[in-house]
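A quick write-up on the structure given underneath.
2 protein chains.
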Amino acid sequence: MPTKKKPQVTAAPARRRELLDTAAEVFAEQGYNATTVRKIADHAGMLAGSLYYHFDSKESMLEEILRTFLDELWDGYDTVLEAELGPRETLEALVTESFREIDRHRAAVAIYQKESKQLVAQDRFVFLAESQRKFEKAWLSTLERGVAAEVFRSDLDVRLTYRFVRDTVWVAASWYRPGGHHSAEEIARQYLSMVLDGIAVRT
Amino acid sequence: MPTKKKPQVTAAPARRRELLDTAAEVFAEQGYNATTVRKIADHAGMLAGSLYYHFDSKESMLEEILRTFLDELWDGYDTVLEAELGPRETLEALVTESFREIDRHRAAVAIYQKESKQLVAQDRFVFLAESQRKFEKAWLSTLERGVAAEVFRSDLDVRLTYRFVRDTVWVAASWYRPGGHHSAEEIARQYLSMVLDGIAVRT
DNA sequence: GTCCTTCCCTAACAAGTGTTTGGTAGGTTA
DNA sequence: TAACCTACCAAACACTTGTTAGGGAAGGAC
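And the structure:
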């Protein structure tokens, strides 16, 4: 009774990565639901059925794309958090790191932004919810530390501030294009300047 | 040769409005493509085919939802712009007006945010592109006036600032729920405070 | 009563969906 | 040469999709 053999997930999946990249591109551009496996196959220069040699399902492609992105994101975030910088420096580092991730995983970030809300309800995507909780905890505690240390304003609702900073950073993925006018670091610098000091002239 | 009669679009469409509201709700929650006409019909307590007594197609529902929203949005925006306030007061009024629209058209705004990018390519949704141009012009000129009048900082990229303010405001629709902790005006006030003066303590 | 309009249902349609099955060309190994 | 593995194709599958055609119940107009 020979079980069907699939290519090793753990082994070096050169072609697999290629296909995931093109899939991510199409998902980001057209939306997950509007993307048919035939469109993905078209972009990859093959037929729809051939994708199933590499992947179990369309959904498993999406899962792998998001997992890969979040794994790398948390690599960066954890490094920042373990450095135990001051609140303001932590915020600056987190924002900068976020823009670097947008630079590296533009498509995955766009997909995450658009689809995560509907995906978290599904069992196979619970890891999205876990990531969100961890994310919120990291940011909220940084903001609260800053308020306690009197480097961030205390007259603002912290949760509102959190959503403000979070959204401000990540929506950039919807218009950011690598190789554009500004580098990720330059955008991070200006964003930080706006978030920290505002856009009004100081009087 | 009797042409098929559809209910008058111009006449008072009480039921029509109801159906559009529920459709908008489902579109916003599940995404346009993931929403089937059967789901909409379910939420409205009827069968899928019955929707076609009121509407030509699923797409025409979406169009009417977005058109209605944008019409009301520009009613508010035009009123603000015609008042010819100073740049800072204009920005404050535009932001406040935006949050009021989010309060009134939460579902439509969420749909707009998620789908407009893919819709503008279609002929029947060109009005989205026109609105976007008008929108960008209104905001950019306000920001530029502010820089010239030295009420907004001149060391920031104006286009970046534009996207910053724009996104900052509209993504709120993704988490805002009417009847929550803060009113639309209260959120607008705090957002404006952050955008204008930043979240850092002034030293 | 009859007629007409409004609003919905029943039942089906064709097109498109994700997925499966069996096959096969080409390279590698024995 | 023979056996085998990789990566794909060809063709179909069951199901869901948006949409349509015909019918009928309720109620007001005449």
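If you're matching them up, the sequences are chains Y and C in order.
Mind the numbering: the first sequence is residues 1 to 203 in the working numbering, read in order.
Mind the numbering: the second sequence is residues 1 to 203 in the working numbering, read in order.
Think of the CB as a built atom: it goes at the ideal place given N, C-alpha and C, for glycine as much as any other residue.
| Query | Result |
| --- | --- |
| Cβ separation of Leu-62 of chain Y and Tyr-32 of chain Y, assumed to be a contact under 8 Å, to the nearest whole Å | 6 Å |
| Under the three-state DSSP convention, the category Phe-55 of chain C falls into | coil |
| Under the three-state DSSP convention, the category Ala-200 of chain Y falls into | strand |
| Residues in the region 91-116 of chain Y having any Cβ partner in chain C nearer than 7 Å | Lys-114 |
| Cutoff 8 Å: Arg-17 of chain Y Cβ touching any chain C Cβ | no |
| Alpha-carbon to alpha-carbon, Val-95 of chain C and Val-195 of chain C | 10 Å |
| is_contact[Met-46 of chain Y, chain C] using C-beta, thresh 8 Å | no |
| C-beta neighbour in chain C for Thr-211 of chain Y, strict 8 Å | Within the shown structure, residues of chain Y are numbered from 1 to 203, placing residue 211 of chain Y beyond reach of any answer. |
| DSSP beta-bridge partners of Phe-152 of chain Y | C:Ala-200 |
| Where Tyr-53 of chain Y falls, given that 16 or more other Cβ within 10 Å makes a residue buried | exposed |
| C-beta neighbour in chain C for Lys-6 of chain Y, strict 8 Å | Residue placement at Lys-6 of chain Y is flagged as unreliable, the pLDDT there being 39, under the threshold of 50; the coordinate-derived value follows with that caveat. By this cut-off, Lys-6 of chain Y is not an interface position. |
| Pair within 8 Å by beta-carbon distance, Asp-167 of chain C and Val-171 of chain Y | yes |
| CB contact check: Val-26 of chain C to chain Y, cutoff 8 Å | no |
| Arg-124 of chain Y: contacting residues in chain C (beta-carbon distance under 9 Å) | Going along chain C, no residue has its Cβ under 9 Å from Arg-124 of chain Y, so there is no contact; the nearest lies around 16 Å. |
| Leu-81 of chain C versus C:Ala-28, C:Gln-132, C:Lys-137, residue with shortest Cα-Cα distance | C:Lys-137 |
| Within chain Y, partners of Met-194 of chain C - CB distance below 8 Å | Leu-156, Thr-161, Phe-164, Val-195, Gly-198 |
| Interface residues of chain Y facing Glu-150 of chain C [CB-CB closer than 8 Å] | Val-201 |
| Helix, strand or coil at Met-1 of chain Y [DSSP, three-state] | Residue placement at Met-1 of chain Y cannot be trusted, given a pLDDT of 31 that sits under 50; what the coordinates show is reported in the next sentence. Three-state result, Met-1 of chain Y: coil. |
| Cβ contact (3+ pairs, closer than 8 Å) linking the region 143-160 of chain C and the region 141-154 of chain Y | no |
| Within 8 Å, strictly: CB atoms of Ala-44 of chain C and Ala-107 of chain C | no |
| Where the alpha helix (DSSP H) containing Thr-36 of chain Y begins and where it ends | Counting along the chain, Thr-36 of chain Y falls outside any alpha helix (DSSP H), and DSSP gives it neither H nor E. |
| Sequence-distant residues of the same chain with beta carbon closer than 8 Å to Ile-111 of chain C, five excluded per side | Ala-24, Phe-27, Ala-28, Tyr-32, Leu-62, Ile-65, Leu-66 |
| Interface flag, Ile-187 of chain Y vs chain C, CB-CB below 8 Å | yes |
| Exposure of Leu-192 of chain Y, with buried meaning 16 or more beta-carbon neighbours within 10 Å | buried |
| Cutoff 8 Å: Gly-86 of chain Y Cβ touching any chain C Cβ | no |
| Straight-line Cα distance separating His-105 of chain C from Gln-190 of chain C | 21 Å |
| Residue from Y:Gln-30, Y:Thr-36, Y:Ile-40 with nearest C-alpha to Asp-21 of chain Y | Y:Ile-40 |
| Span separating the alpha-carbon of Tyr-162 of chain C from that of Leu-85 of chain Y | 31 Å |
| CB contact check: Tyr-191 of chain Y to chain C, cutoff 8 Å | yes |
| Contact check, Gln-113 of chain Y vs Ser-174 of chain Y, beta carbons under 8 Å | yes |
| Minimum Cβ-Cβ distance from Trp-175 of chain C to chain Y less than 8 Å | yes |
| Interface partners of Arg-153 of chain C on chain Y, CB under 9 Å | Ser-193, Met-194, Asp-197, Gly-198, Ile-199, Ala-200, Val-201, Arg-202 |
| Close Cβ partners of Ala-188 of chain Y (< 7 Å) along its chain, the five nearest in sequence each way excluded | Val-95, Thr-96, Phe-99 |
| Within chain C, partners of Leu-179 of chain Y - CB distance below 7 Å | For the sequence presented, residue 179 of chain Y should be read as Gly rather than Leu. Chain C residues near Gly-179 of chain Y: none, gap ~16 Å exceeds 7 Å. |
| 4-residue-minimum alpha helix (DSSP H) runs that sit fully inside the region 126-180 of chain Y, ordered along the chain | 126-148, 158-170 |
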